[in-house]
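Have a look at the structure below before the remarks.
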DNA sequence: CCACAATCCTGATCTAGGTCAAGCTGTCCA
DNA sequence: TGGACAGCTTGACCTAGATCAGGATTGTGG
């Protein structure tokens, strides 16, 4: 992800990192493969594709037999309801694998749009299955299982919680995710708009804005442009709980 | 599930149905196996276990390397928050496979409790993997993928919707699920309390109760005890949308 | 078959957060 | 370099649904 403290810009775009050198190896689908197996991966599974801000990665009903690994940047997944209103189901940052909910149908079930210039690797399922890599299925299975758990956690964060709790746990989740991928937990860029955050959390923009202001006044966070600093992790955590 | 129109009580308990005769075959994990393979399944994967009302199927952190297929009855899955309050993440009826979110951790992440006398088959993952059944992994994968999609749908039904919409789409979802498994879409038993429904949908019990009454007054539904009849599917659907 | 506990319903208030309106800030391009 | 536009903030008001309180049903164990 385009990040304040540790950004890796177009370099990787011109010199694609091999899977066995990739920083995402431990979380990527090929995780658990010995390095020699990685070589066998389809070339298209190794070369990241660049998406500009607002570019669509996939759309509902589009046939899809791949997952995508986000090497850098971020995306939002959303559906459009009967009144044409966007409803965001998830945000994904560098280090995430997306598209898991498409496997059942063989086609995308949501829109997926880049929030900023992003690099994604396409991982073709057919290759994974055909080459019958040892351990791949089990890894994939664990990945999907984990995702179900994450969806449950997000659900719990939204149902039966106050607006303050939702925003606090959203910020904590962002920090935790980035931290897991070697970035700072307390200082990062929010690639999505307040409107997107509000939509995702089931709140009005105004509410999100007010809560940000309130958190700033309490000295819990600081912002300048889209850079967010968590100044009091403990207290924010307490609110999120 | 214990059902008004089509119930299958203790019979199956005493004479366990073989997997290849089981009505759930098409949705169960062994789906896609040829019948001869089914014979190889662990005996424990074929004999349903009976859980009485309020019996716990599993609890968080309990080591778990199985899925459970609900042959009859129903369960609720929930977590307990920091204040000791129960928060229901999902209900499951006959025909559902549960425990998918436990695969990643190798241990349960929620409580799972029978809502009524229920029969569940334990499906050991180790057996499925060890015997390396052809097609099992792919089926499992599709199952998990589908579940992620379902979790998203439920999330969308709760975020940014009115109380009326939530209750309507909850009832529709119940009907649809039962219909998929050969039961009546419009007349069924609600095995969970209003309190449980409210908790699941992020509402107060009183609100759920009022909406049930309102739907009754509008002639959309009828209830007697826990039997619910959807009298105007179209209208209810319209509200749910 | 009765009693008592759980569940369900209904009415009266209260409030978190939505909605509406308007001003502010930053950024992009002519 | 100055609109114009998208995003953000703030204030005033208003409603959906929570909370509180009580009463009606149900169903369950002794």
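Protein chains in written order, with the numbering used here: chain A, -12 to 228; chain B, -12 to 228.
Here a beta-carbon is modelled for each residue, glycine too, at the ideal position from N, C-alpha and C.
Unbroken alpha helix (DSSP H) run spanning residue i, endpoints
i: residue 164 (chain A); result: 150 to 167
i: residue 221 (chain A); result: 220 to 227
i: residue 240 (chain B); result: Past the boundaries of the shown model lies residue 240 (chain B); chain B is included only from -12 to 228, so the question cannot be answered.
i: residue 194 (chain B); result: 192 to 204
Neighbouring residues, chain A, relative to residue i (Cβ below 7 Å)
i: residue 91 (chain B); result: 129, 132, 133, 136
i: residue 147 (chain B); result: 74, 189
i: residue 87 (chain B); result: 132, 135
Any C-beta of chain A under 8 Å from that of residue i
i: residue 236 (chain B); result: Outside the shown range of chain B, which is -12 to 228, sits residue 236 (chain B), and nothing can be said about it.
i: residue 21 (chain B); result: Because residue 21 (chain B) carries a pLDDT of 49, less than 50, the predicted location of this residue cannot be relied on, and the following value inherits that uncertainty. It does not; no Cβ of chain A falls within 8 Å.
i: residue -12 (chain B); result: Residue confidence for residue -12 (chain B) is low, a pLDDT of 36 falling below 50, so the modelled location carries little weight; the figure read from the coordinates is stated next. No, residue -12 (chain B) does not count as interfacial toward chain A.
Chain B within 8 Å of residue i, Cβ atoms only
i: residue 222 (chain A); result: no
i: residue 96 (chain A); result: yes
i: residue 212 (chain A); result: no
Residue span of the beta strand (DSSP E) that contains residue i, given as start and end
i: residue 41 (chain A); result: Segment: none, residue 41 (chain A) is in no beta strand (DSSP E) and carries neither H nor E.
i: residue 62 (chain A); result: 61 to 67
i: residue 100 (chain A); result: 98 to 101
i: residue 78 (chain B); result: 73 to 80
i: residue 209 (chain B); result: 208 to 211
i: residue 111 (chain B); result: 105 to 111
i: residue 217 (chain B); result: 214 to 217
i: residue 88 (chain B); result: Residue 88 (chain B) -> no beta strand (DSSP E), and no H or E assigned at all.
i: residue 174 (chain A); result: 174 to 176
Cβ-Cβ separation, residue j to residue i (assumed contact under 8 Å), whole Å
i: residue 181 (chain B); j: residue 196 (chain B); result: 6 Å
i: residue 49 (chain B); j: residue 143 (chain A); result: Not quite, the Cβ-Cβ distance comes to about 19 Å (not below 8 Å), so this is no contact.
i: residue 136 (chain B); j: residue 88 (chain A); result: 4 Å
i: residue 162 (chain A); j: residue 217 (chain A); result: 6 Å
i: residue 93 (chain B); j: residue 159 (chain B); result: That pair is no contact at about 35 Å.
i: residue 126 (chain A); j: residue 76 (chain B); result: At roughly 25 Å, the Cβ-Cβ gap does not stay under 8 Å, so residue 126 (chain A) and residue 76 (chain B) are not in contact.
i: residue 129 (chain B); j: residue 42 (chain A); result: Not quite, the Cβ-Cβ distance comes to about 29 Å (not below 8 Å), so this is no contact.
i: residue 108 (chain A); j: residue 40 (chain A); result: That pair is no contact at about 19 Å.
Cross-chain neighbours of residue i in chain B, by beta carbon under 8 Å
i: residue 76 (chain A); result: 139, 142, 143
Chain B contact residues for residue i, given Cβ-Cβ distances below 7 Å
i: residue 209 (chain A); result: Correct list: empty, because the minimum Cβ distance to chain B is about 27 Å.
i: residue 69 (chain A); result: 228
CB of residue i within 8 Å of CB of residue j, strictly
i: residue 62 (chain B); j: residue 79 (chain B); result: yes
i: residue 98 (chain A); j: residue 53 (chain A); result: no
i: residue 194 (chain A); j: residue 203 (chain A); result: no
i: residue 168 (chain B); j: residue 56 (chain B); result: no
i: residue 131 (chain A); j: residue 112 (chain B); result: no
i: residue 44 (chain A); j: residue 106 (chain A); result: no
i: residue 71 (chain B); j: residue 103 (chain B); result: no
i: residue 173 (chain B); j: residue 220 (chain B); result: yes
i: residue 84 (chain B); j: residue 150 (chain B); result: no
i: residue 177 (chain B); j: residue 153 (chain B); result: no
i: residue 146 (chain B); j: residue 145 (chain A); result: yes
i: residue 165 (chain B); j: residue 175 (chain B); result: yes
i: residue 69 (chain B); j: residue 228 (chain A); result: yes
i: residue 215 (chain A); j: residue 155 (chain A); result: no
beta-carbon residue i near the ligand NAD non-hydrogen atom, thresh 7 Å
i: residue 189 (chain B); result: Absent from the structure shown: the ligand NAD. Ligands present: none.
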